[in-house]
Amino acid sequence: MSGAFDKLARPVQKWIRQKGWRELRDIQARSIRTICETNADLIVAASTAGGKTEAAFLPLISQVLEEPSGGTGFDLLYIGPLKALITDQAMRLEDICQEAELPVVPWHGDVSQSIKTRALKSPKGILLITPESLEALFIRRGLEIARLFGATRAVVIDELHTVLDSERGVQLRSLLTRLELAIKRPIRRVGLSATLGDMDLAKAYLRPDAASSVQLIEADGGEAELRLQLRGYLSGGEDEYSPSATDAIAAHLFKHLRGSDNLVFAGARQRVEIYADRLREFCEQEHLPQEFYPHHASLSRDHRDFVERRLKDPAKPTTAVCTSTLELGIDIGDVTCVAQIGGPFSVAALRQRLGRSGRREGQPATLRQYAVEAELTPESSFVDRLRLGLIRSIAMIDLLLEGWCEPPKPQALHLSTLVHQILSVIAQRGGASASVVYNMLCREGPFRKVTTDVFADVLRSIGHPETGLIEQSGSGLLLLGPTGEKLVEHYSFYAVFQTPEEFRLVADGRDLGTLPIDNVLAPGMLLIFSGRRWVVQEIHDREKVIVVKPAKAGVPPVFGGDPGDIHDKVIDRMFAILEGSALPAYMDAVSLKMLEEARGYYDQLGFRTKNIHVLGEHTSIIATRVGTVKTSTLALALRSVGFSVEQHDGFLMAEAGDEIPDLRAVLAEMASGEPLDLFGDAGNLATEKFHPYLSVSLLQLDAVSSKLAPDHLCSMLDRIAN
DNA sequence: GACCTGCTGCGGGCTG
378 MSGAFDKLAR
388 PVQKWIRQKG
398 WRELRDIQAR
408 SIRTICETNA
418 DLIVAASTAG
428 GKTEAAFLPL
438 ISQVLEEPSG
448 GTGFDLLYIG
458 PLKALITDQA
468 MRLEDICQEA
478 ELPVVPWHGD
488 VSQSIKTRAL
498 KSPKGILLIT
508 PESLEALFIR
518 RGLEIARLFG
528 ATRAVVIDEL
538 HTVLDSERGV
548 QLRSLLTRLE
558 LAIKRPIRRV
568 GLSATLGDMD
578 LAKAYLRPDA
588 ASSVQLIEAD
598 GGEAELRLQL
608 RGYLSGGEDE
618 YSPSATDAIA
628 AHLFKHLRGS
638 DNLVFAGARQ
648 RVEIYADRLR
658 EFCEQEHLPQ
668 EFYPHHASLS
678 RDHRDFVERR
688 LKDPAKPTTA
698 VCTSTLELGI
708 DIGDVTCVAQ
718 IGGPFSVAAL
728 RQRLGRSGRR
738 EGQPATLRQY
748 AVEAELTPES
758 SFVDRLRLGL
768 IRSIAMIDLL
778 LEGWCEPPKP
788 QALHLSTLVH
798 QILSVIAQRG
808 GASASVVYNM
818 LCREGPFRKV
828 TTDVFADVLR
838 SIGHPETGLI
848 EQSGSGLLLL
858 GPTGEKLVEH
868 YSFYAVFQTP
878 EEFRLVADGR
888 DLGTLPIDNV
898 LAPGMLLIFS
908 GRRWVVQEIH
918 DREKVIVVKP
928 AKAGVPPVFG
938 GDPGDIHDKV
948 IDRMFAILEG
958 SALPAYMDAV
968 SLKMLEEARG
978 YYDQLGFRTK
988 NIHVLGEHTS
998 IIATRVGTVK
1008 TSTLALALRS
1018 VGFSVEQHDG
1028 FLMAEAGDEI
1038 PDLRAVLAEM
1048 ASGEPLDLFG
1058 DAGNLATEKF
1068 HPYLSVSLLQ
1078 LDAVSSKLAP
1088 DHLCSMLDRI
1098 AN
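Just so we're aligned, residue 378 is where the first sequence starts under the working numbering, counting upward by one.
See the structure below:
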């Protein structure tokens, strides 16, 4: 372990010896050399529990100890997307830093004011912070940024994949640029991740001006052995003697998962509640202790902590039925098996979830995929007959095995987040000229797709007297307007993402969790929540509180949500599966039979040789063969000329009104480039937090940059016609 | 036909 080890500072070496490590992992040795010998930015890509945190911090801490800097402020900055992750990582770093006498400062909404006050008075050591809390520092302490970060040598961004092209990611990258501008020098950037689809794009996100000089340190292969099973289940058409698909899946989970730690990803909060309730019943029927618990974002912090603690406790076997809450790197230890009910929306999520299993040496990673498909009747729709859910599951597993996952989408404008950052820059500096703001955010920062014209439009929109977010002083300086002042003053400003209004659910004086306000509830109604059954007692509309007490029966509540974007490559693979003949070894007999039925029906519709199948006088099926973004663009175009359109994975079902235009003729006319008003029939475009302050034309521009692909419409129509 | 994430400063009342 010499070489890399020798480059570390004495206290760090001592810590490694105390831990009893026999050697450094390969990524750690490589990362130590890169950090100690160069000034390069870097990405460390390795699986969960692959030692990424140490790979970054052992050499960074060594540098802080051996080459004290002249400046003032925190020596190192760590950005984490979750409070729980920051708490975990602060504990791990404190262990290393005790020897080195370097302070470790966790900083997020739950950290006490006294720790923050002390750190502000004497900023040094390692600051671990969320993007939102960093935002708050810029707004509340705008003039102190240089003092707080003057000495900062590096910023470590954990779970880099979560902050690539998301609203939060753009916010973070904007803050990092503003930080570098405030201290007038670049800060080394280190990204950590287990799930990056496209390394070149990830590099460009980490350092847009010098992507090619970002060093990549990737753990080689060495992935755990993967055990995989896909089981098919038929739902609907049950009689009282045959169990429903839900019961059959729950029984299978009960039989195979009991006695160990597992994660069951059910895909939606409502399904989490349904499966957790069934599994609890099975335990009660068999007089066995409870070991299946629900876990999702609407459940109280108390309950979630309880489930997370149980997962960590080796003495208590625990299966969490969950949503993506348990997808990221918070420490719950290794699990025996990951189950996935229904197809996931991205290969990246599937890969991240699977990374939770098989992390111990010699243990295989195990994925149990359950596909639920409808029992066919003469009335069944083409979607059911084509078994699109099952086909997508197979495509996702295929791509996972090939090591592919979705890259970020780099073309989005992110105008809502731009509005947020304009307000933030003005607040930080107490006023700024339009050109300073433009240079900071659009030339140097992440909003590079925003032209000066679009920027000017945004300023006009948010400066309109009726909007009142900003105004201009006599000297031309941009200032916060009355509405802008109010927004920025309130703590809810710091987050860039939208959150829905919710009721609090209370039983016996204790919070169970929250429910979206669009659930229609009245006293006496029955409810399944937090894995148990309740009856509604009181509803307090003004306080947004619902009081419940235990009951014997219940129905699962409704949680909202928007459909996810499926990538072109996934849909492409789905068509290859429908047109292929391979019978994957990991599929059970029922799912194989469904696959053969789907292939038979696909052939019957003739999609091997054409893309339009006429179902009836008014109705046709179109095979678009592309992902959600391009397929929704065609759907919108058809709606704008009077069709009613149903959208599915890679397919559209178009139905004409009373007048029956010839679909082929309509498509040909669109392909000829006749200008179309895509938005004539588009619903609400204001989907993000600061959208309500933008003009309709800016909202359309924003939508075109992220959710639609009008530029691809012509070539798509050409392909479909042939 | 979906999921997730986050949050400051101040003032009032109490304790040592």
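All residues carry an ideal CB built from backbone N, CA and C; glycine is no exception.
Cβ distance (whole Å) where residue i is taken to contact residue j below 8 Å
| i | j | result |
| --- | --- | --- |
| SER968 | LEU607 | 5 Å |
| VAL547 | PRO823 | 5 Å |
| TYR871 | ALA513 | 5 Å |
| ILE1103 | LEU1040 | One cannot answer for residue 1103 here, as it falls past the ends of the chain, which runs 378 to 1099. |
| LEU435 | GLN405 | 7 Å |
| ASP711 | GLN740 | 7 Å |
| ASP452 | GLY502 | 6 Å |
| GLU1023 | LEU1029 | 7 Å |
| LEU992 | LEU1055 | So it is not a contact: roughly 25 Å between Cβ atoms. |
| LEU479 | VAL441 | 7 Å |
| THR554 | GLY450 | About 18 Å; that fails the 8 Å criterion. |
| GLY1027 | ALA1000 | 6 Å |
Beta-carbon proximity of residue i to residue j, cut-off 8 Å
| i | j | result |
| --- | --- | --- |
| ALA596 | THR425 | no |
| TYR652 | ALA643 | yes |
| ILE393 | ILE594 | no |
| GLY890 | ARG910 | no |
| TYR455 | VAL389 | no |
| LEU605 | LEU744 | yes |
| TYR670 | THR700 | no |
| LEU856 | GLY808 | yes |
| ILE923 | ILE916 | yes |
| PRO877 | GLY937 | yes |
| LEU630 | LEU611 | no |
Beta-carbon proximity list for residue i, same chain, < 8 Å, skipping 5 on both sides
| i | result |
| --- | --- |
| HIS1025 | VAL760, LEU765 |
| ILE718 | ILE626, VAL641, PHE642, ALA643, GLY644, ARG648, TYR652, TYR747, VAL749 |
| GLU974 | LEU753, ARG762, ARG764 |
Span separating the alpha-carbon of residue i from that of residue j
| i | j | result |
| --- | --- | --- |
| ALA1086 | VAL1006 | 6 Å |
| ALA884 | VAL591 | 53 Å |
| GLU476 | MET468 | 14 Å |
| LYS391 | ASP690 | 30 Å |
| GLY1104 | ARG565 | Any property of residue 1104 remains undetermined from this structure, which presents the chain solely from 378 to 1099. |
| LEU818 | LEU795 | 8 Å |
| SER446 | ARG524 | 13 Å |
| TRP781 | GLY636 | 33 Å |
| THR828 | ALA953 | 40 Å |
| SER1074 | LEU778 | 43 Å |
| CYS660 | ARG728 | 30 Å |
| ILE847 | GLY858 | 4 Å |
| ASP965 | PRO787 | 39 Å |
| LEU703 | ASN416 | 35 Å |
| PRO563 | VAL540 | 20 Å |
| GLU956 | TYR979 | 8 Å |
| VAL947 | ARG985 | 18 Å |
| ALA531 | HIS485 | 20 Å |
Host beta strand (DSSP E) of residue i (start-end)
| i | result |
| --- | --- |
| ALA1000 | 996-1000 |
| VAL749 | 742-751 |
| TRP484 | 481-484 |
| LEU855 | 855-857 |
| CYS474 | Where CYS474 is concerned, there is no enclosing beta strand (DSSP E), although the alpha helix (DSSP H) it sits in stretches over 460-477. |
| TYR670 | 669-672 |
| GLU595 | 592-595 |
| ASP888 | 887-893 |
Sequence-distant residues of the same chain with beta carbon closer than 6 Å to residue i, five excluded per side
| i | result |
| --- | --- |
| ARG550 | PRO823 |
| ALA496 | VAL482 |
| LYS693 | ARG687 |
| SER1083 | ALA789 |
| SER491 | none |
| ILE560 | ALA523, PHE526, GLY527 |
Where the alpha helix (DSSP H) through residue i begins and ends
| i | result |
| --- | --- |
| ASP945 | 945-956 |
| PRO508 | 508-517 |
| SER408 | 403-414 |
| GLY935 | According to the sequence provided, residue 935 is Val. The question's Gly does not apply to it. It is not in any alpha helix (DSSP H) - VAL935 carries neither H nor E in the DSSP assignment. |
Close beta carbons around residue i, own chain, < 7 Å, minus the five adjacent residues each side
| i | result |
| --- | --- |
| ALA1063 | PRO1069, LEU1076 |
| CYS1091 | ALA1048, GLY1050 |
Cβ-heavy atom distance, residue i to the ligand ATP, below 7 Å
| i | result |
| --- | --- |
| ASN639 | Inclusion of the ligand ATP in the displayed structure is not the case, the ligand content being empty and no account of it being possible. |
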